[in-house]
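Position one of the sequence shown corresponds to residue 10 (the numbering used here), numbered consecutively onward.
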Amino acid sequence: MTSREKTVVISGSKGRGSIAALTCYDYPMARVLDEAGIDVLLVGDSLGMVVLGYPDTTHVTLAHILHHLEAVARAKPQALVIADLPINTYDTPEQALATAQQLVATGADAVKLEGGVRQAEKVRAITSAGIAVCGHLGMLPQRVLEEGGYYKKGKTPEQTQAIMQGAKALIDAGVFAIVLESLTPTAAETITREIPVPTIGIGCGDATCDGEIAVVTDLLGSYPWFVPPFAKPEADLSGETSHAAKNYVRRVRAQK
Ligand code: KIV
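This is the structure we're talking about:
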């Protein structure tokens with residue numbers, strides 16, 4: 010399928026609650042997740058924390074994302090590959106377009122950026138050039154330093170309305186889907202019901218959006234030092250890895 014066909018499939022999932030998305034940062038994981046039937050692989054800037062060991066996503070550069078995207082794209086996934094525009098790479102419409110073009114040239118089918126009304130012109134610059142854009146509203150990790158932490162959004166009707174305005178501005182600028190992060194379930198349901206593009210939720214409660222995205226290390230239990238309260242691990246890879254490494258150490262040391 011072409012990139013365009015893949016985004017059409019995701020857009021067509023509106024109302025079905027069926028989009029299963031995961032972050033992905035390397036070649037073997039891209040192959041395994043793709044063969045498991047994941048719909049969307051996001052080369053997200055969460056890689057700053059769960060792969061590179063930074064405290065938050067504000068340290069992630071375009072070079073980091075391109076390096077990991079290249080590896081994911083080498084797996085030639087059937088899934089839609091979305092790549093994040095890192096902080097400081099979309100400060101103007103021109104810069105946003107240039108960054109998006111580099112991501113697509115490296116193998117992304119679509120790109121994602123954070124924010125609503127204030128990003129609409131940047132989204133428009135990218136979509137006008139024929140590149141598919143996914144929005145990201147609610148809690149915005151790239152703004153963690155300005156906001157002084159990670160806070161739940163959509164707690165009041167006014168906050169929900171402001172997020173809705175952002176969603177409408179993004180839709181007007183041509184996004185094909187929007188990630189909603191850490192909204193109250195009521196806010197996520199309201200926005201999902203009222204907008205025509207699919208919402209993909211994280212930390213918004215069960216069955217409140219048209220799909221769900223999880224950070225793959227949360228799903229696999231491979232980054233045990235911080236696990237968000239909403240994560241639902243399906244494995245304990247850090248435990249398994251530690252067990253295997255200890256067995257290896259024992260085996261090697263027993264040889265002499
Ligand atoms: O970078 C990321 O992992 C993300 C998800 C939280 C949606 O943007």
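Note that the Cβ used here is the ideal one computed from N, Cα and C, for glycine as well.
Keep in mind it's a predicted model, so treat the numbers as computed, not measured.
- The residue from T165, G57, I28 with its alpha-carbon nearest to that of I47 is I28.
- Relative to the ligand KIV, even the nearest heavy atom lies 8 Å or more away from the CB of H77.
- Check the Cα spacing between E167 and each of V81, D227, A196: the tightest is with A196.
- Of the residues T136, A182, T98, L189, the one whose Cα lies closest to the Cα of G220 is L189.
- With a cut-off of 8 Å, the C-beta of P64 is classified as distant from the ligand KIV, since no heavy atom of the ligand falls inside that distance.
- Excluding five sequence positions before and after A134, the CB atoms of its chain that fall closer than 8 Å to its own CB belong to P102, E103, A105, L106, given in chain order.
- Pairing M38 with I172, the inter-Cα distance amounts to about 33 Å.
- Per the C-alpha coordinates, the member of A114, Y160, D35, E14 positioned closest to G53 is D35.
- By the Cβ rule, the segment 221-238 counts as touching the segment 246-261, because three or more pairs are nearer than 8 Å.
- Put simply, the backbone Cα of A80 is about 10 Å away from that of C33.
- Non-local beta-carbon contacts of L146 in its own chain, meaning distances under 7 Å to residues more than five positions away in sequence, involve G125, I172, G175, A176, I187, L189 in chain order.
- Relative to the non-hydrogen atoms of the ligand KIV, the Cβ of I172 never comes closer than 8 Å to any of them.
- E155 sits in a helix when the DSSP states are folded into three classes.
- Beta-bridge partners of G147 (DSSP): E190.
- For V224, the CB falls within less than 8 Å of some heavy atom of the ligand KIV.
- Residue pairing of E243 in beta bridges, as defined by DSSP: absent, with no partner found.
- Rounded to the nearest whole angstrom, the C-alpha separation of K162 and T193 is 6 Å.
- By the neighbour-count criterion, in which 16 or more other beta carbons inside 10 Å mark a residue as buried, M58 falls on the buried side.
- By DSSP's assignment, T32 forms a beta bridge with L51.
- If you draw a straight line from the Cα of V90 to the Cα of V113, it is about 10 Å long.
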